[in-house]
Amino acid sequence: MQTGNRRFIYLAFLGLVLIGVITLIMIKGPLAPVSVQAVQLRQSDLEPSLFGIGTVEARRSYTIGPTRTGKLQQLLVDHGDQVVAGQLLGQMDPVDLPDRLQSAQLTIEKTEYLVEAAQAQLDEAKNRYAQAKREDQRYRDLVKKKQVSHEAAEAKATDALTTKDQVRAANANLEGTRHDLQRTQSDLKALQAQIDDLRLISPATGVVTAREAEPGSLVISGTPVLRIVDTATLWVRTRIDQHGSTGLVFDLPAEIYLRSQPDTALKGKVARIELIADSLTEERWIDVAFEQIPEGVAIGTLANVTIMLPVVEQAQWLPAAALQNFGHKMGAWIIQENRAHFVPVKTGTRTLDGKVQVLSGISSTDIVVIYSDNPLSEGQHLKVKNRESKK
4 MQTGNRRFIY LAFLGLVLIG VITLIMIKGP LAPVSVQAVQ LRQSDLEPSL
54 FGIGTVEARR SYTIGPTRTG KLQQLLVDHG DQVVAGQLLG QMDPVDLPDR
104 LQSAQLTIEK TEYLVEAAQA QLDEAKNRYA QAKREDQRYR DLVKKKQVSH
154 EAAEAKATDA LTTKDQVRAA NANLEGTRHD LQRTQSDLKA LQAQIDDLRL
204 ISPATGVVTA REAEPGSLVI SGTPVLRIVD TATLWVRTRI DQHGSTGLVF
254 DLPAEIYLRS QPDTALKGKV ARIELIADSL TEERWIDVAF EQIPEGVAIG
304 TLANVTIMLP VVEQAQWLPA AALQNFGHKM GAWIIQENRA HFVPVKTGTR
354 TLDGKVQVLS GISSTDIVVI YSDNPLSEGQ HLKVKNRESK K
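Quick note on our numbering: the sequence shown kicks off at 4 and runs consecutively.
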């Protein structure tokens with residue numbers, strides 16, 4: 004009797020242990036439902052924006068240098084100096100150009116005198132020709148009256164032809180001398196242009212950002228001597244992720260936070276959208292102009308830029324954490340009869356605070372998993388810990 008009771012107690016105890024183990028497996032083990040948090044579609048206005056990091060640059064910058072190799076004679080400005088358009092910044096050594104210019108001026112004066120002399124010779128030849136024509140005509144009349152011989156009349160006709168040729172020669176000499184004058188004047192202009200070209204002139208109003216040579220240095224043609232930026236054209240050249248950048252258009256508002264002024268939001272707008280993107284980093288360049296350029300901002304300063312895209316009114320959206328990649332598809336896990344079911348989702352606008360517009364794939368009545376303790380699989384049993392209500 005005691006042996007039977009003992010066996011019964013052992014079997015009862017073993018049954019209780021087995022039930023406890025099975026219960027533990029069902030609650031805490033691999034067969035237990037996965038605890039999840041869930042949400043439903045929400046609807047409100049979305050204010051999408053794009054974030055990027057950029058550097059302060061000048062839209063217009065200039066390199067100033069000689070067009071001919073030579074020695075730098077003087078520089079009148081230094082790094083940080085303000086300059087205006089047309090201001091003389093420096094000059095190259097002209098070597099013998101001033102002497103050649105003076106020689107050309109003297110040659111012009113001499114040629115002008117030669118032109119005057121040739122003009123006087125032409126006037127004299129014309130007077131002689133006019134006199135010879137009158138004499139020729141008079142002797143022709145006298146021959147008709149038989150008062151002079153034919154030989155005398157022919158001599159006067161020959162004199163008229165000779166003086167006519169002298170007029171042509173004097174006229175040709177005058178034209179040649181005038182051409183010489185034009186040539187020497189062109190030579191003078193060319194020399195003056197070469198001398199003017201040695202002067203380093205500021206092409207715009209701005210600030211000198213670099214002085215890369217000193218007086219006395221030999222400067223090769225095309226080598227920069229000074230660098231100037233137009234401070235009125237400062238903007239932030241910003242890198243933006245290509246994903247979601249299709250809504251970018253000109254004049255979109257933006258906020259700029261300079262690293263040197265991290266607590267100050269500066270207003271700006273999109274001034275240029277570059278056509279060439281970076282295929283390696285999957286980014287594209289956006290240039291954001293300041294509405295009012297801050298004083299003392301240094302070129303090259305890093306800045307955080309937020310570009311505000313157009314508002315999407317009354318859009319249905321989910322938190323970004325609710326979207327998952329499963330089977331090479333973007334979608335979300337929804338709960339159907341306490342089990343996980345994956346549905347592909349077509350998304351639209353995204354905001355920086357983690358809101359994603361849902362275009363299709365999920366209805367307003369679906370319960371969507373936003374967080375799970377473990378990775379989910381199709382048909383897995385789920386247990387909702389706390390479900391956020393639809394807003």
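C-beta: ideal position from N, C-alpha, C; glycine also.
Exercise for the section: Just the C-alpha distance for D413 and Q108, rounded to the nearest angstrom, thanks. Expected result: This structure gives no information on residue 413, because the portion of the chain shown stretches from 4 to 394.
Handout entry: Continuous beta strand (DSSP E) stretch holding P256: start and end
Key = P256 to L261
Exercise for the section: Determine which residues share a DSSP beta bridge with V170 and list them. Expected result: Its beta-bridge partners do not exist; DSSP assigns none.
Exercise for the section: Indicate whether I302 and V59 have their beta-carbon atoms separated by less than 7 Å. Expected result: yes
Problem - From S366, A343 and D369, residue whose alpha carbon lies closest to that of S375 - result: A343
Handout entry: CB of D139 within 7 Å of CB of A163, strictly
Key = yes
Practice task
State the start and end residues of the unbroken beta strand (DSSP E) segment that holds P347.
Solution key: R342 to P347
Problem - Of the residues A172, I111 and W238, the one placed nearest S189, counting alpha carbons only - result: I111
Problem - Per DSSP, cross-strand counterpart(s) of F322 - result: For the sequence presented, residue 322 should be read as Pro rather than Phe. DSSP output for P322 lists K358 as bridge partner(s).
Exercise for the section: Just confirm the distance between the C-beta atoms of D200 and T70, as a whole number of angstroms; I'd bet it's less than 8 Å. Expected result: 6 Å
Problem - Three-state secondary structure assigned by DSSP to L117 - result: helix
Problem - Straight-line gap, Q43 to V371 (C-alpha atoms, nearest Å) - result: 6 Å
Problem - Backbone CA spacing between S401 and E285 [nearest angstrom] - result: Only positions 4 to 394 of the chain appear in this structure, which leaves residue 401 out of reach.
Practice task
Mark L446 as exposed unless 16 or more other C-beta atoms lie within 10 angstroms of its C-beta, in which case mark it buried.
Solution key: Since the first residue shown for the chain is 4 and the last is 394, residue 446 is missing from the structure and cannot be characterised.
Problem - Unbroken stretches of the alpha helix (DSSP H), 4 residues or longer, contained in the segment 131-162 - result: none
Exercise for the section: Determine the burial state of P51: buried for a count of at least 16 other Cβ atoms within 10 Å of its Cβ, exposed for fewer. Expected result: buried
Exercise for the section: Over the uninterrupted beta strand (DSSP E) stretch that includes D244, give me the two end residues. Expected result: L237 to D244
Problem - Spatially closest choice to I230 from L78, K386 and G55, by CA coordinates - result: It is Arg, not Ile, that sits at residue 230 in the sequence shown. Of L78, K386 and G55, the residue nearest in Cα terms is L78.
Problem - With 16 other Cβ atoms within 10 Å as the buried cut-off, status of Y142 - result: buried
Exercise for the section: Determine, using beta-carbon pairs with one atom in the segment 243-257 and one in the segment 212-227, whether at least three such pairs fall under 8 Å. Expected result: no
Problem - Neighbourhood of Q383 by C-beta distance below 7 Å, restricted to the same chain and skipping five residues each side - result: V37, R342 and A343
Exercise for the section: For E261, I'd like the list of residues in its chain whose CB is within less than 6 Å of its CB, leaving aside the five on either flank, ordered along the chain. Expected result: Reading the sequence as shown, one finds Leu at residue 261 and not Glu. Here the set comprises T304 and A306.
Exercise for the section: Since I believe S205 is in contact with G89 (beta carbons under 8 Å), could you give me their beta-carbon distance rounded to a whole number of angstroms? Expected result: 7 Å
Practice task
Return helix, strand or coil for G416, following the three-state DSSP convention.
Solution key: Residue 416 lies beyond the residue range present for the chain, which begins at 4 and ends at 394; the question has no answer from this structure.
Problem - Any 3 or more C-beta pairs closer than 8 Å across the segment 230-244 and the segment 291-299 - result: yes
Handout entry: Neighbourhood of E258 by C-beta, 6 Å cutoff - its chain only, sequence neighbours within 5 removed
Key = A268 and T309
Problem - Nonlocal neighbours in the same chain, by C-beta distance under 6 Å from Q319, ignoring five residues either side - result: L44, Q46 and V361
Exercise for the section: Measuring alpha carbon to alpha carbon, tell me which of V273, Q94 and W288 ends up nearest I279. Expected result: W288
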